[in-house]
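First up is the structure itself, then whatever we jot down about it.
Protein chains: 2
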Amino acid sequence: MGSPGKAELKAGANPLFLREEELRRGLESLFYAYRAFTAEPDRILAEIGFGRAHHRAIYFIGRYPGITVSELLQILGITKQSLSRVLGQMVDQGYVAQARGTRDQRQRLLTLTDKGRALEQRLTSSQCRLFAAAYKTAGAEAVAGFRTVLAGIMEEVDRARMEEEHGGGEGEERPADANSAHTAFPNASAPRDPV
Amino acid sequence: MGSPGKAELKAGANPLFLREEELRRGLESLFYAYRAFTAEPDRILAEIGFGRAHHRAIYFIGRYPGITVSELLQILGITKQSLSRVLGQMVDQGYVAQARGTRDQRQRLLTLTDKGRALEQRLTSSQCRLFAAAYKTAGAEAVAGFRTVLAGIMEEVDRARMEEEHGGGEGEERPADANSAHTAFPNASAPRDPV
DNA sequence: TAGATTAGTCAACATGGCTGACGTATTGCA
DNA sequence: TGCAATACGTCAGCCATGTTGACTAATCTA
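Sequence lines, in order, name chains F and W. Read in our numbering, the first sequence has 96 at position 96, and its numbers run on one by one without any break. All you need for our numbering is the position in the second sequence, starting with 1, plus 1000.
Shown next, in the form of structure tokens:
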């Protein structure tokens, strides 16, 4: 505020200026919130020599047990070389287990070990605490708005994946043990868009 | 969902499971949204050999014209060595101008040049478009909730800075030209917490 | 005047992205 | 049956951006 270059925009109660102000506060909020969101996990991970990339992988493996490598790559949006670096460490150190797919033996179905699940829980519960506190203060209505706006910001692919998962099995019609013929990844059963 | 290790949690309509599901969807939404939020600026920046670190610096210099280096460091939460790398490039290439402080000649007050302002506008308007579309779809009420929850997630320091700035001068009682005796950074006039 | 503060610098290192090029096992189709 | 496509892994190297530590110079302030 007080930017000399935008003086003409802020003169009076210019609605364009107000709109940009409003939007800028949104951008900044997202920036600051995301930083807080990653801060505590980063500290936990640093204790064991891991980084944020490990967190992402371990989170989504815990989220979709039996997920294949290529499905995980799609979610993370990184190259297999980048993933392999962190995945290799997590397998070596006993956080992640790999099993050959039964339907397709080329696949490596990824699951968390007990050790991995413990770490994942520690990381996620830390972030959940942060969110739960914010949710409690903000109220249910604000939370609904929060999720709606985030859904509007994210890419359609990601929104679709979340919706598909949500809309999908509420109960047990999809048993997701690691060696079943399908994987737990929502989009996996029918590979509609080949990578 | 379908995690074998949480089978006991998801049996029936366990409220704890539902709560964790709800929270996890929040975590994922933030992750996906933040990625979309940075995607387009990253592409623009890559054109001119800049990265996300440049974006952050140029954004906040545009936001707080006349900001000092140490104030910018506080906002960004990085080391001066990290900042100096990107700041040096931006000064060299004529995106950012430095002026000695008049009150304190040790300070370097940072402002954007016309070239810098043009880039900043290009980056910000890209993000603003994304937000504006999401806001429009979600509605004003959702937007309020969005901002409330983000405020609850971010660190108090950042929340305070945003509030202070917002609550502060609506009009012109704080002329923020680069060589004035104070800086445009909200917390700058009274250094309440020494770094 | 002494010490604190602001800013800048050099060097070295870690993380986590990337590209490109290969190798291997397996699958699926013509 | 045989070959192309697929899934996965790996080696090598590059780049951006964060870190620590040490040190200099200018300037302000008690």
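Glycine residues also receive a C-beta, built at the ideal position from the N, C-alpha and C atoms.
Between residue i and chain F, is any beta-carbon pair separated by less than 7 Å?
| i | result |
| --- | --- |
| M1154 of chain W | yes |
| P1191 of chain W | With a pLDDT of 29 at P1191 of chain W, under the threshold of 50, the predicted position of this residue should be treated as unreliable, and no value is reported. |
| D1042 of chain W | no |
| Y1095 of chain W | no |
| L1016 of chain W | no |
| E1141 of chain W | yes |
| E1173 of chain W | Unreliable positioning characterises E1173 of chain W in this predicted model, as indicated by a pLDDT of 34, which lies under 50. A coordinate reading is not provided. |
Measure from the C-beta of residue i to each C-beta in chain W and report whether the shortest distance is under 7 Å.
| i | result |
| --- | --- |
| V91 of chain F | no |
| S84 of chain F | no |
| S29 of chain F | yes |
| T137 of chain F | yes |
| T148 of chain F | yes |
| G101 of chain F | no |
| A46 of chain F | no |
| F131 of chain F | yes |
| G116 of chain F | no |
As a quick exercise: from the options, pick the residue whose alpha carbon is nearest that of residue i.
| i | options | result |
| --- | --- | --- |
| F1050 of chain W | W:H1166, W:I1153, W:Q1093, W:R1147 | W:Q1093 |
| F60 of chain F | F:E120, F:R103, F:E22, F:A36 | F:E120 |
| K272 of chain F | W:A1118, W:E1163, W:L1150, W:T1111 | Any question about residue 272 of chain F goes unanswered here, given that chain F covers just 1 to 195. |
| F37 of chain F | W:G1077, W:F1031, W:L1045, W:A1036 | W:F1031 |
| G66 of chain F | F:A33, F:T124, F:T111 | F:T111 |
| A1046 of chain W | W:L1130, W:L1123, W:R1085, W:E1164 | W:L1123 |
| L83 of chain F | F:L16, F:A99, F:R103, F:R52 | F:R52 |
| G62 of chain F | W:Q1098, W:L1016, W:R1024 | W:R1024 |
| E1163 of chain W | F:E165, F:E22, F:P15 | F:E22 |
| E1155 of chain W | W:Q1089, W:Q1098, W:L1016, W:Q1074 | W:Q1074 |
| F1017 of chain W | F:S125, F:G139, F:P41, F:A138 | F:S125 |
On the DSSP bridge assignment, give the partners of residue i in chain order.
| i | result |
| --- | --- |
| L110 of chain F | F:I67, F:Q98 |
Could you spell out where the alpha helix (DSSP H) holding residue i opens and where it closes?
| i | result |
| --- | --- |
| E47 of chain F | 15-47 |
| E155 of chain F | Unbroken run through E155 of chain F: none, as it is neither H nor E. |
| G1088 of chain W | 1080-1092 |
Assuming residue i contacts residue j (C-beta within less than 8 Å), just tell me the rounded distance between them.
| i | j | result |
| --- | --- | --- |
| T68 of chain F | Q107 of chain F | 5 Å |
| G116 of chain F | L109 of chain F | Actually they do not touch by this definition, with Cβ atoms about 14 Å apart. |
| G1236 of chain W | A39 of chain F | Outside the modelled stretch of chain W, which goes from 1001 to 1195, sits residue 1236 of chain W, for which no answer is possible. |
| G1026 of chain W | F131 of chain F | 5 Å |
| T148 of chain F | A1142 of chain W | 4 Å |
| V86 of chain F | A57 of chain F | 6 Å |
| C1128 of chain W | E20 of chain F | 7 Å |
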